[in-house]
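S.K.: Quick note on the numbering used here: the sequence shown kicks off at 20 and runs consecutively. Note that CB positions come from ideal geometry on N, CA and C, so glycine has one too. Model, not experiment: these values are computed from the prediction. Structure provided below as structure tokens; questions to follow.
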Amino acid sequence: MFLIRCLGESAFLLTTLLFRKRCLFRFHYATASALLLENHVFDESPKLDANVVVNAPINKLRIRKKTKLFPFVVRVFKSLNWEVAREIRFSKAAMRYGFSHSIDSFRTIIHIFALAGMHMEVHALLRDIIGYYNKANYDPFELFSTFLDSPHHMERSAHVFNVLIKVFASNSMLENAVDVFVRVKRIGLEPDILACNFLLKCLVEANRMELVRSLFEELKNSGPSPNVFTHTIMMNFYCKGDLGQQVDIDQATEILQEIERSGESPTMVTYSTYIHGLCKVGCVEFAMNFIRNLRYRNQPLNHYCFNAVIYGFCHKGEVFEALKVLEEMKSYGISPDVYSYSILIDGFCKKGDIEKGLSLIQEMELYNIKPSLVSYTSVLYGLCKSGLMNETLDMFWNLGSAGFEYDQTVYEILIYGFCMQSDMDSASELLEEMLSNDLVPTAFNFHCLIQGFCKLGFLDKALEFLNIMLQGGVVPDAITCNIIVDSYCREGRLKEALKLMEELQDQGIKLNSYTYNAVINKLCKERQSEKAWELLPWMLKKNVLPGVVNYTTLIDGFAKQSNLKKALMIYTRMLKLGITPNEVTYTILINIFCHKKKMYQAHEIFKEMMEKGLEPDKISYTSLIAGFCSVGDMNKASALFKEMLRKEHLPNVITYTCLIDGFCKSNQIDMANSVFDAMTRNGVVPDVVTYTVLIGGYYKRGNIDKAHELFDEMKAKGILPDDITHIVLRLQVPPPMML
20 MFLIRCLGES AFLLTTLLFR KRCLFRFHYA TASALLLENH VFDESPKLDA
70 NVVVNAPINK LRIRKKTKLF PFVVRVFKSL NWEVAREIRF SKAAMRYGFS
120 HSIDSFRTII HIFALAGMHM EVHALLRDII GYYNKANYDP FELFSTFLDS
170 PHHMERSAHV FNVLIKVFAS NSMLENAVDV FVRVKRIGLE PDILACNFLL
220 KCLVEANRME LVRSLFEELK NSGPSPNVFT HTIMMNFYCK GDLGQQVDID
270 QATEILQEIE RSGESPTMVT YSTYIHGLCK VGCVEFAMNF IRNLRYRNQP
320 LNHYCFNAVI YGFCHKGEVF EALKVLEEMK SYGISPDVYS YSILIDGFCK
370 KGDIEKGLSL IQEMELYNIK PSLVSYTSVL YGLCKSGLMN ETLDMFWNLG
420 SAGFEYDQTV YEILIYGFCM QSDMDSASEL LEEMLSNDLV PTAFNFHCLI
470 QGFCKLGFLD KALEFLNIML QGGVVPDAIT CNIIVDSYCR EGRLKEALKL
520 MEELQDQGIK LNSYTYNAVI NKLCKERQSE KAWELLPWML KKNVLPGVVN
570 YTTLIDGFAK QSNLKKALMI YTRMLKLGIT PNEVTYTILI NIFCHKKKMY
620 QAHEIFKEMM EKGLEPDKIS YTSLIAGFCS VGDMNKASAL FKEMLRKEHL
670 PNVITYTCLI DGFCKSNQID MANSVFDAMT RNGVVPDVVT YTVLIGGYYK
720 RGNIDKAHEL FDEMKAKGIL PDDITHIVLR LQVPPPMML
């Protein structure tokens, strides 16, 4: 240990002396330089790999088992040659000479290189040591103490710790990197701002929000002082808006103001990042004005700044505003790139203006900007969306002839287009071609085909593609499974549906409550609600929690079988399980009580619905109005009708007919006629039932002429009377037409 310490002291003195004499201290070797061996940017280090062998011509030392590492350390010290340093890796040294002796020796070498300013070499050695620590399950937090130099010369360790921060950060060992930063500050040293920036960048990329904010505040409060690159990293942090983090444009604006207060000039990247952030929060017009202000102040701008605004306008559907930005960009002497045009082409094609998309492609070629496959993909999507499949196919073949290699997205668009046109043969052929070109179809490709075949009633063909999908290792999502199960149910093949569901779950494919609801709904429609009810325990057994849709379907099923008791029992159980009813659940319950003429209970359910923050719809109001009309409470019915209008729920023919019928039965024919007039004024066309109840009302009052007048009016409007209309008028039902 004494010798090692002496070597460290000597290295420091010798280095100082040589630099004072302005001698060239570092030796560069074409094949041995660490810079050449580490073929990457320093701040973008590859992940740890303790088994990496440096590809350089190395004359390996023949070190006998019992030879110590001191001669090796001396050779490195004398030569400062990276080739010599790489003659033995740390992991091999630890295996031959023991961990303790090896770490002391390599510690000395690292300090020698650090004092000589050979930071790339330090980086490579530290990376090897950390890799060994991880592989051997040693505590990397101990490395700080290991590499701390003499308490009297702690400043000599500063360069080592700066590199150590970078090595930890670049290998996602962020807690270790932060620990080194904190402990360096604790012993009175100040880390290099470049190391701090790199750590901050890695924390941002890992979305470690609290650590990012804490480190930035620490830099501002106690140094090293943030520079423009520090602020740009923070700008990116607040503007990126991904990984579950929202864009915080207020904080981003504060960062920009901090840069200006510090006297530094924001870079083009800083401005570009801020403009992207503004567009992400929808402040596209403000972003464009900001660009104009920068232009007025002769600040740096590039096409990235304009592309963000072009995308922002296109995202809002304001494609012509986006086109103006492109023209303004060109007027500033900034050339649009392929992305500028591709964004616009996509925007116009999504709006259905394919002609403009094609003209922009021609404009690109005029400016010698080669359109990318992405540019053409947008046009293909627009053509498919418009149902122009022949034109789509022509462009598809032309792209192939022009040397473009089709990717998954191109095939996906065409398969989707043909499926939407129910041209399943063409869609199937494209999938086969895709497979022959060694492209793996996506789950969406199969989803389109399965949905298309099910829609046409070809369930067996859909099942063929499901099998191809599963055999290819492509996992269907719950929606795709739901389509197939629903098709089984529509064909009445319930047992096969349940068998398929079980097989899918056995393969680890997750189904949801909607999958089971297809079976539940079918059973309820077949008046087998009890069997449907038995499916709930089966769902729980398969780890699928029944949801509000399942309970609502069951409540409706039992209600339609006039089993009010069971329907209410399921509703009560639903509440006990903490499942919140939705608008459909409440509407079904209101209907149940209205049919039973239990209007107090129906109205209580209606009020409970509103208290829960759910807005009753047209159906809920109509059910309740019909219920009150059926019991002759026209005051309540009228009040609900007015409330319905006030909340802008437009009544339909059923709503008006219920009111007319209610007023007629209450001998308020004038009110019934008034509702009828309001109905026609509001553009709601009366049907045969409406006329029949009003004719019945006039007939009951003895106004036969008015009844016949309405009957004639009904026929004149092309509304054919039914048997009930004739019975109401006490007319004989016309005999069937003789052939």
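Below 8 Å CB to CB, which residues in the same chain sit around ALA225 once its five sequence neighbours on both sides are set aside?
M.R.: Against the sequence shown, residue 225 aligns to sequence position 206. Counting only Cβ-Cβ distances below 8 Å, and skipping sequence neighbours, we find SER191, LEU193.
S.K.: What is the residue span of the alpha helix (DSSP H) that ALA735 lies within?
M.R.: Here residue 735 refers to the residue found at position 716 of the sequence shown. That run of the alpha helix (DSSP H) goes 723-735.
S.K.: Output yes or no for whether 8 Å exceeds the beta carbon distance between PHE647 and LYS637.
M.R.: Position 628 of the sequence shown holds residue 647. Position 618 of the sequence shown holds residue 637. In this structure, LYS637 does not lie closer than 8 Å to PHE647 by Cβ.
S.K.: Just the Cα atoms here: how many angstroms apart are PHE401 and VAL393?
M.R.: Taking the first residue of the sequence shown as 1, we reach residue 401 at position 382. Taking the first residue of the sequence shown as 1, we reach residue 393 at position 374. One detail in the question is off: residue 401 reads as Gly in this sequence, not Phe. So the alpha carbons of these two residues sit roughly 13 Å apart.
S.K.: What residues in its chain sit with their C-beta under 6 Å from that of TYR717, if we drop five residues either side in the sequence?
M.R.: Position 698 of the sequence shown, counted from the start, is the residue given in the question as residue 717. Correct list, in chain order: LYS725, ALA726.
S.K.: Since ASN321 and SER291 are thought to touch, with beta carbons under 8 Å apart, how far apart are those beta carbons, to the nearest angstrom?
M.R.: Within the sequence shown, residue 321 is the residue found at index 302, counting from 1. Within the sequence shown, residue 291 is the residue found at index 272, counting from 1. ASN321 to SER291, Cβ: 7 Å. Contact.
S.K.: Would ASP356 and ILE310 qualify as a contact pair, given that the criterion is a beta-carbon distance under 8 Å?
M.R.: By 1-based counting over the sequence shown, the position of residue 356 is 337. By 1-based counting over the sequence shown, the position of residue 310 is 291. Cβ atoms of ASP356 and ILE310: not closer than 8 Å.
S.K.: If you count every other CB in all the chains shown that lies within 10 Å of the CB of ASP742, and 16 or more means buried, which is it?
M.R.: Mapped onto the sequence shown, residue 742 falls at position 723. ASP742 comes out exposed.
S.K.: Within this structure, are the beta carbons of ILE362 and TYR330 separated by less than 8 Å?
M.R.: Your numbering for residue 362 matches position 343 in the sequence shown. Your numbering for residue 330 matches position 311 in the sequence shown. For ILE362 and TYR330, yes; Cβs fall inside 8 Å.
S.K.: Could you pull out every residue in the same chain whose Cβ sits closer than 6 Å to the Cβ of LEU55, ignoring the five residues on either side in sequence?
M.R.: Mapped onto the sequence shown, residue 55 falls at position 36. Note that LEU55 has pLDDT 29, beneath the 50 cutoff, so the model's placement of it is unreliable and the number below is only indicative. Same-chain partners within the cutoff: there are none.
S.K.: How about CYS467 and ILE434: are their beta carbons less than 8 Å apart?
M.R.: The residue you call residue 467 lines up with position 448 of the sequence shown. The residue you call residue 434 lines up with position 415 of the sequence shown. Yes; because the gap between Cβ atoms is below 8 Å, this pair is in contact.
S.K.: Going by Cα to Cα distance, which pick from PHE437, ALA327, PHE235 is closest to VAL197?
M.R.: Numbered from 1 along the sequence shown, position 178 holds the residue referred to as residue 197. The shortest Cα separation from VAL197 among PHE437, ALA327, PHE235 belongs to PHE235.
S.K.: Could you tell me which uninterrupted alpha helix (DSSP H) segments, each at least 4 residues in length, are contained entirely in the stretch 649-685, listed from first to last along the chain?
M.R.: Listed in chain order, they are 653-665, 672-684.
S.K.: For the putative contact between LEU713 and ALA691, defined by C-beta atoms under 8 Å, what is the C-beta separation to the nearest angstrom?
M.R.: By one-based count along the sequence shown, residue 713 stands at place 694. By one-based count along the sequence shown, residue 691 stands at place 672. Indeed, because the Cβ distance is near 6 Å, the residues count as touching under 8 Å.
S.K.: Would you mind listing the alpha helix (DSSP H) stretches within the stretch 601-647 that are 4+ residues and don't spill past its ends, in chain order?
M.R.: Qualifying alpha helix (DSSP H) stretches, in chain order: 602-614, 618-630.
S.K.: My assumption, with CB atoms under 8 Å, is that ALA271 sits in contact with GLY301. Please give the rounded CB distance.
M.R.: Position 252 of the sequence shown, counted from the start, is the residue given in the question as residue 271. Position 282 of the sequence shown, counted from the start, is the residue given in the question as residue 301. ALA271 to GLY301, Cβ: 14 Å. No contact.
S.K.: Could you give the C-beta distance for LEU219 and VAL231, rounded to a whole number, given that I count them as a contact under 8 Å?
M.R.: On the sequence shown, residue 219 is found 200 positions in, with the first residue counted as 1. On the sequence shown, residue 231 is found 212 positions in, with the first residue counted as 1. Going by Cβ atoms, the distance from LEU219 to VAL231 rounds to 7 Å, so yes, they are a contact pair.
S.K.: Using a Cβ-Cβ cutoff of less than 7 Å, which residues in the same chain neighbour ILE324 once the five nearest sequence positions on both sides are dropped?
M.R.: The sequence position of residue 324 within the sequence shown is 305, counting from 1. The question names Ile, yet the displayed sequence has Cys at residue 324. Once the five neighbours on either side are set aside, the close Cβ partners of CYS324 are TYR290, SER291, ILE294, ILE310.
S.K.: What separation, rounded to the nearest whole angstrom, lies between the Cα atoms of ALA621 and TYR570?
M.R.: Stepping through the sequence shown from its first residue, residue 621 is reached at position 602. Stepping through the sequence shown from its first residue, residue 570 is reached at position 551. Rounded to whole angstroms, ALA621 to TYR570 spans 19 Å at the Cα level.
S.K.: Check the C-beta distance from CYS4 over to SER189 and give it rounded, since I have them as a contact under 8 Å.
M.R.: No answer is possible for residue 4: it lies beyond the span of the chain, which begins at 20 and ends at 758.
S.K.: For ALA49, which of helix, strand or coil comes out of DSSP?
M.R.: In the sequence shown, residue 49 corresponds to position 30, counting from 1. Note that ALA49 scores 28 on pLDDT, short of 50, meaning its location in the model is unreliable; the coordinates nonetheless yield the value given after this. Coil.
S.K.: Count Cβ pairs between the stretch 618-633 and the stretch 591-609 that sit closer than 8 Å; are there 3 or more?
M.R.: The stretch 618-633, when compared against the stretch 591-609, does touch it at the 8 Å Cβ threshold.
S.K.: Rounded to whole angstroms, what is the Cα-Cα separation between SER241 and GLU209?
M.R.: Position 222 of the sequence shown, counting from 1, holds the residue named residue 241. Position 190 of the sequence shown, counting from 1, holds the residue named residue 209. Rounded to the nearest angstrom, the two C-alpha atoms are 9 Å apart.
S.K.: So, using beta-carbon positions, are LYS541 and LEU513 closer together than 8 Å?
M.R.: Translated into the one-based positions of the sequence shown, residue 541 becomes position 522. Translated into the one-based positions of the sequence shown, residue 513 becomes position 494. Contact: yes.
S.K.: For PRO495, does the three-state DSSP call read helix, strand or coil?
M.R.: In the sequence shown, residue 495 corresponds to position 476, counting from 1. PRO495: coil per DSSP, three-state reduction.
S.K.: Below 8 Å between beta carbons: does that hold for ILE432 and LEU454?
M.R.: Residue mapping note: residue 432 aligns to position 413 of the sequence shown, counting from 1. Residue mapping note: residue 454 aligns to position 435 of the sequence shown, counting from 1. Not closer than 8 Å, so no.
S.K.: Kindly provide the ranges of any beta strand (DSSP E) runs that are 3 or more residues long and lie completely inside the stretch 93-169, ordered along the chain.
M.R.: Counting whole runs of 3 or more residues, the stretch 93-169 contains no beta strand (DSSP E) stretch at all.
S.K.: Closest by CA to TRP416, which one among HIS142, TYR430, SER405?
M.R.: Translated into positions along the sequence shown, residue 416 becomes position 397. Ranking the options by Cα distance to TRP416, first place goes to TYR430.
S.K.: Along the chain, where does the alpha helix (DSSP H) that runs through ASP413 open and close?
M.R.: Against the sequence shown, residue 413 aligns to sequence position 394. From DSSP, the alpha helix (DSSP H) with ASP413 extends over 408-420.
S.K.: Find the nearest neighbour of ALA133 within the set SER176, GLU273, LEU313, judged by alpha-carbon distance.
M.R.: As a first step, residue 133 must be located in the sequence shown, where it is residue number 114. When only C-alpha atoms are compared, the closest one is SER176.
S.K.: Nearest to ALA462 by CA position, among PHE477, PHE484, GLU627, is which residue?
M.R.: For the purposes of this step, residue 462 is taken as the residue at position 443 of the sequence shown. Considering only alpha carbons, the answer is PHE484.
S.K.: What's the call for ALA522, buried or exposed, on a 16-neighbour Cβ count within 10 Å?
M.R.: In the sequence shown, residue 522 corresponds to position 503, counting from 1. Contrary to the premise, residue 522 reads as Glu rather than Ala in this sequence. By the neighbour-count rule (16 or more Cβ atoms within 10 Å), GLU522 is not buried but exposed.
S.K.: Can you list, in chain order, the residues of its chain whose CB lies under 7 Å from that of LYS85, leaving out five sequence neighbours each side?
M.R.: Here residue 85 refers to the residue found at position 66 when the sequence shown is read from its first residue. At LYS85, the pLDDT of 43 sits below 50, so the modelled position is not reliable and the matter cannot be decided from this model.
S.K.: Inspect the beta-carbon positions of CYS438 and GLY471 and report whether they are closer than 8 Å.
M.R.: Taking the sequence shown and counting its residues from 1, one reaches residue 438 at position 419. Taking the sequence shown and counting its residues from 1, one reaches residue 471 at position 452. Yes, these two residues count as a Cβ contact at 8 Å.
S.K.: Thinking VAL328 and CYS298 are a contact (beta carbons under 8 Å), I'd like their distance in whole angstroms, please.
M.R.: Locating residue 328 in the sequence shown gives position 309, where the first residue counts as 1. Locating residue 298 in the sequence shown gives position 279, where the first residue counts as 1. Yes, VAL328 and CYS298 are in contact; Cβ-Cβ is about 6 Å, under 8 Å.
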